[in-house]
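**Q** Per the numbering used here, residue 838 is the first one in the sequence shown, and the count goes up by one each step.
Here it is, the structure in full.
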Amino acid sequence: MKDTFGRKIDYLRISVTDRCNYRCVYCMPEEGVEKREHDEILSLEEIEEIAAAAVSLGVRKVRVTGGEPLVRRGVVELCRRLRAMEGVEDLAVTTNGALLPAMAQELKAAGVNRINISLDTLRPERFAAITRCGRLEDCLAGLRAALGCGMSPIKINTVLIGGFNDDEIEDLAELTVRYPVDVRFIELMPIGHTVPFGPEAYLPVTVVKERLGDALEPAGTDGGVAKLYRLKGAKGRIGLITPLSCEFCGSCNRLRLTADGHLKPCLHSAEEIPVRGLHGAALRQAILDAAAAKPASHGALSAECRSRSARDMNRIGG
């Protein structure tokens, strides 16, 4: 499956819920998400059908996201079914980690090896502030659970926010020395409820290279969007993801399925293709239409140029 610019579209990110056990400042409003009726959200069977159609068109990598995907009842069984699909080569989950201590082993048995854990700070008081209700120890326990059951690769997603956690760059990078994990610094994106952040929050991740200096060595790529580096002697790597300072739209290979049944061709576009209720050839055509609707670029993003997406991040999926 290719879009109109010749990009191969082989990656589907599936939001299984817009609910979360956190209320992260840059992801959703403080009061949480609008409560939806059960029948407004895709059933697991509907998700499976849409994913199977996408796989038949060439999707090879699937990521399960939310909100927080692990709060969705039946998510482990869904992962098992997704991984069992002929053609799926890689199944990943993005999570805040809080529920991993109880679920990591089950997820691994279901076929999930690749896992991303969101972690923006190593200071308990800051963690509580950015998540509005979370505990740092729960996230770290989730990381230990993922390591303990042999998940690999494990990636830690850190949103770099000027004036909030830019003084922790060295401490967060140190996690790659202690553990075989990749810590990926991601530029804050001006989408949805990031409105309270001022211009100083939107730092280019080149500040990570500046801060770590000669201790950082190039470490190639992993086939994704991150530019990889390694601290000398470290077990893991450091990734820099630059949606603002150096867009990577030219290599974008993904579509996003929202929990209420729409395909987003681009994270920062308001355009959505409804797929709920479609089957067979009509469903496959809608997926092809979504791929064809991918723009060449999401355009400029900054504190002044906000994302055109009509949804908060919790309603799209990380």
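Glycine residues also receive a C-beta, built at the ideal position from the N, C-alpha and C atoms.
Pull up the distance between the alpha-carbon of A1056 and that of D876, whole angstroms please.
**A** Counting from one through the sequence shown, the residue named residue 1056 turns up at place 219. Counting from one through the sequence shown, the residue named residue 876 turns up at place 39. If you take the alpha carbons of A1056 and D876, they lie about 46 angstroms apart.
**Q** Which two residues bound the contiguous alpha helix (DSSP H) that contains F964?
**A** Numbered from its first residue, the sequence shown carries residue 964 at position 127. P961 to T968 is the span of the alpha helix (DSSP H), which, as asked, contains F964.
**Q** Taking V1044 as the reference, give the member of S1082, M922 and I1028 with the closest Cα.
**A** Here residue 1044 refers to the residue found at position 207 when the sequence shown is read from its first residue. Here the closest residue by C-alpha is S1082.
**Q** Which whole runs of the alpha helix (DSSP H) in the region 846-906 are 4 residues long or more, in chain order?
**A** 881-893
**Q** Buried or exposed: which applies to C970, given that a residue is buried once 16 or more other Cβ atoms fall within 10 Å of its Cβ?
**A** For this step, residue 970 is matched to residue 133 along the sequence shown. Its Cβ having fewer than 16 others within 10 Å, C970 is exposed.
**Q** What are the start and end residues of each continuous alpha helix (DSSP H) run of 4 or more residues lying completely inside the region 906-942, in chain order?
**A** 912-921
**Q** Give the secondary structure of D1097 by DSSP, where H, G and I count as helix, E and B as strand, and everything else as coil.
**A** By one-based count along the sequence shown, residue 1097 stands at place 260. Coil.
**Q** Per DSSP, which residues does G1076 bridge with? Please list them.
**A** Working through the sequence shown from its first residue, we reach residue 1076 at position 239. Note: G1076 sits in a beta bridge opposite R1021 and L1065.
**Q** Could you pull the start and end residues of the beta strand (DSSP E) that E1054 belongs to?
**A** For this step, residue 1054 is matched to residue 217 along the sequence shown. Looking at the DSSP string, the run of the beta strand (DSSP E) that includes E1054 is L1053 to P1055.
**Q** On a CA-only basis, which of C986, M988 and I967 is nearest N1002? Give me that one, please.
**A** Your numbering for residue 1002 matches position 165 in the sequence shown. In this structure, I967 is the residue among C986, M988 and I967 with its C-alpha nearest to the C-alpha of N1002.
**Q** Does the beta-carbon distance from R856 to G904 come in below 7 angstroms?
**A** For the purposes of this step, residue 856 is identified with residue 19 of the sequence shown, where counting begins at 1. For the purposes of this step, residue 904 is identified with residue 67 of the sequence shown, where counting begins at 1. Contact: yes.
**Q** Spatial neighbours of P1041 within its chain, please: C-beta separation below 6 angstroms, excluding the five flanking residues on both sides.
**A** Counting from one through the sequence shown, the residue named residue 1041 turns up at place 204. So the list reads S1082, once near-sequence residues are dropped.
**Q** Between the Cα of T932 and the Cα atoms of L919, L956 and R1148, which residue gives the shortest distance?
**A** Stepping through the sequence shown from its first residue, residue 932 is reached at position 95. Closest by alpha carbon: L956.
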